[in-house]
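Participant: Pasting a structure below so you can have a look.
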Amino acid sequence: MSGLSLAAHLAVADHRHPVVVVDDGSRPVEDGAWASWSAGAGMLDAAAHRWFDKIRVHAGGRTTVLPLGRYRYRVVRGRDLAEVVHRYTDPLPGFTRQRGHVDGFTDGGLVVDGRFVRARWVFDSVVGPGETPPLDAQLVFRGWRVSSERGVFDAEIPTLFDFRTSQTHGASFVYVLPEDTHHALVEHTAFVAPGAAQDETAQREALAEYLAEVAGATGYEVEREEHAVLPLCAAQPPRAHGHVLTIGARGGMLKASTGFAYQRVQRDSAAIAWSMSRHGHPFDLPRAPGRFPLLDSVLLDVVTREPVQLERAFAALFRFRTAEPALRFLDEETTLSQEMRLFAGMPAATYLAAARRRLTSSAGGASRATTSR
1 MSGLSLAAHL AVADHRHPVV VVDDGSRPVE DGAWASWSAG AGMLDAAAHR
51 WFDKIRVHAG GRTTVLPLGR YRYRVVRGRD LAEVVHRYTD PLPGFTRQRG
101 HVDGFTDGGL VVDGRFVRAR WVFDSVVGPG ETPPLDAQLV FRGWRVSSER
151 GVFDAEIPTL FDFRTSQTHG ASFVYVLPED THHALVEHTA FVAPGAAQDE
201 TAQREALAEY LAEVAGATGY EVEREEHAVL PLCAAQPPRA HGHVLTIGAR
251 GGMLKASTGF AYQRVQRDSA AIAWSMSRHG HPFDLPRAPG RFPLLDSVLL
301 DVVTREPVQL ERAFAALFRF RTAEPALRFL DEETTLSQEM RLFAGMPAAT
351 YLAAARRRLT SSAGGASRAT TSR
């Protein structure tokens, strides 16, 4: 997804240079789907399969339907994204696609299936940097594509999180993305410590319990099961290595506190294309204030130690009349004063203790790195 998105942005902003998209076909983009929120129009919006202007949340013992304000929540299917990207790239003779496995990088290019391919710049979404910061947590998904005999799903409002599920196996919630009243993706999501054992049976039992007791789906068929484990790292990994720039999830575009990446990839792709057009290199990229990675790491520290705190945090963030304040914060676009208002009601002592642990850990890591040099 990140490579295709960048190709489209380069096609629009900097189509003077030849571009080759290398893909080994092991994970066809056409099989994927992504959901995200955004404010304002985006270049690849035509790829959106569905748009929503409200979300449902259940936390703190209450269910709330929240308008999104200036935001919209979109669902993008992989086949639609590929089709829209090709509209931008196919008319340009310098844009080509190559099937192959990337073995590694060398001076002046990369190696694909054992053969050298010359490239001035390489955008890597596969190999990743040699050294990465330690993980803060893992996000474990297990989703069922469900067909229900009765129309039990709200076709117009996705459920972003519902905490009416056991917290025994980590800070957990259920996410519901409806297709219509009879069909939906129902997903169990859990934040767990790095290396924690995964209980597939417990997740399936949690999904079945949610469908029966919360959704009221007494008769349903699981058409497909989806599963993924996302490594969550709040610290930004090193991205630039000579002529190679890491992109996508391996380049830090996966938001550690949410697991969302699609819209961050789009913003990053636009910034890379702008830098290429303006400077002839891809490295003039914006960086978010350092407090946001720290806040992500603090949240993950807290919820992996005390799973019940995730519900308290989300209830506080989404307690306003619209979801806009929370989404603005998760997009890393809030001011300090706005953040103080959002955090009111959270247990200050718990988060301050986590912040001290994180800062102490970071200082220790920096000291060891300096000594090793």
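For what it's worth, UniProt numbering labels the leading residue of the sequence shown as 1, then goes sequentially. A virtual CB, placed ideally from N, CA and C, is assigned to each residue, including glycine.
Apart from the five residues just before and just after R97, which ones in its own chain have a Cβ nearer than 6 angstroms to its Cβ?
Facilitator: For R97, where only same-chain residues beyond five positions count, the Cβ hits under 6 angstroms are V21.
Participant: Given a cut-off of 7 angstroms on the beta-carbon distance, is the pair V85 and W34 in contact?
Facilitator: No, these two residues do not count as a Cβ contact at 7 angstroms.
Participant: Determine, using beta-carbon pairs with one atom in the region 238 to 257 and one in the region 270 to 289, whether at least three such pairs fall under 8 angstroms.
Facilitator: Counting Cβ pairs under 8 angstroms, three or more are found: they touch.
Participant: Relative to the alpha-carbon of L230, which residue among V127, F141, R278, F116 has its alpha-carbon at the smallest distance?
Facilitator: Selected option, being the one with the closest Cα: F141.
Participant: By how many angstroms is the C-alpha of F116 removed from the C-alpha of V146?
Facilitator: Those two C-alpha atoms are separated by around 46 angstroms.
Participant: Can you tell me where the beta strand (DSSP E) with L110 in it begins and where it stops?
Facilitator: Start and end: 109 to 112.
Participant: I want to know whether the region 315 to 329 touches the region 174 to 190 - three or more CB-CB distances under 8 angstroms.
Facilitator: The region 315 to 329, when compared against the region 174 to 190, does not touch it at the 8 angstroms Cβ threshold.
Participant: For H188, is the classification buried or exposed, using 16 other Cβ atoms within 10 angstroms of its Cβ as the cut-off for buried?
Facilitator: H188 comes out buried.
Participant: DSSP three-state label for E221, please.
Facilitator: Strand.
Participant: Who pairs with K54 in a beta bridge, going by DSSP?
Facilitator: Paired residue(s): P67.
Participant: Residue range of the alpha helix (DSSP H) that R267 falls in?
Facilitator: Residues 262 to 279.
Participant: Check the C-beta distance from V29 over to W144 and give it rounded, since I have them as a contact under 8 angstroms.
Facilitator: Incorrect: roughly 23 angstroms between the Cβ atoms, too far for contact.
Participant: Just mark W37 as buried or exposed, buried being the case when its beta carbon has 16 or more other beta carbons within 10 Å.
Facilitator: With 16 or more other Cβ atoms within 10 Å, it is buried.
Participant: Report the option in R87, V298, H58, A155 whose CA atom is closest to the CA atom of R356.
Facilitator: Among R87, V298, H58, A155, the Cα nearest to that of R356 is on V298.
Participant: Terminal residues of the continuous beta strand (DSSP E) containing Y175?
Facilitator: Looking at the DSSP string, the run of the beta strand (DSSP E) that includes Y175 is 171 to 178.
Participant: Go ahead and label M276 buried or exposed: buried means 16 or more other beta carbons lie within 10 angstroms of its beta carbon, across all protein chains shown.
Facilitator: So M276 counts as buried.
Participant: Assuming D45 is part of the alpha helix (DSSP H), what are its boundary residues?
Facilitator: Here D45 belongs to no alpha helix (DSSP H), and DSSP marks it neither H nor E.
Participant: If you measure between the beta carbons of G219 and E149, is that distance less than 7 angstroms?
Facilitator: Result yes, Cβ atoms of G219 and E149 sit closer than 7 angstroms.
Participant: Return the chain-ordered list of same chain residues with a C-beta closer than 7 angstroms to the C-beta of A190, the five sequence neighbours on each side being excluded.
Facilitator: Here the set comprises V140, H169, G170, A171, S172.
Participant: Quick check on this structure: which residue in H279, F123, L342, T360 has the alpha carbon closest to the alpha carbon of L4?
Facilitator: Among H279, F123, L342, T360, the Cα nearest to that of L4 is on F123.
Participant: For H17, count neighbouring Cβ atoms within 10 angstroms of its own Cβ and tell me buried if that reaches 16, exposed if not.
Facilitator: The residue is exposed, with fewer than 16 neighbouring Cβ atoms inside 10 Å.
Participant: Is H9 helix, strand or coil by DSSP?
Facilitator: Reduced to three states, the DSSP call for H9 is helix.
Participant: Hey, how far is the Cα of G104 from the Cα of R118?
Facilitator: When rounded, the distance between both Cα atoms is 12 angstroms.
Participant: Roughly how many angstroms lie between the CA atoms of A133 and C233, to the nearest whole one?
Facilitator: It is Pro, not Ala, that sits at residue 133 in the sequence shown. Their backbone Cα atoms lie some 7 angstroms apart in a straight line.
Participant: Mapping DSSP to helix, strand and coil, what is S125?
Facilitator: Coil.
Participant: Using CA coordinates, which residue listed in S2, G109, Y175 is at the minimum distance from A59?
Facilitator: Comparing Cα-Cα distances from A59 to each of S2, G109, Y175, the minimum goes to Y175.
Participant: Could you tell me the boundaries of the alpha helix (DSSP H) in which F105 lies?
Facilitator: Taken as a continuous stretch (DSSP letters only), F105 belongs to no alpha helix (DSSP H), being part of the beta strand (DSSP E) at 102 to 106.
Participant: Looking at the secondary structure, which residues open and close the alpha helix (DSSP H) in which H86 lies?
Facilitator: Element bounds for H86: 78 to 89.
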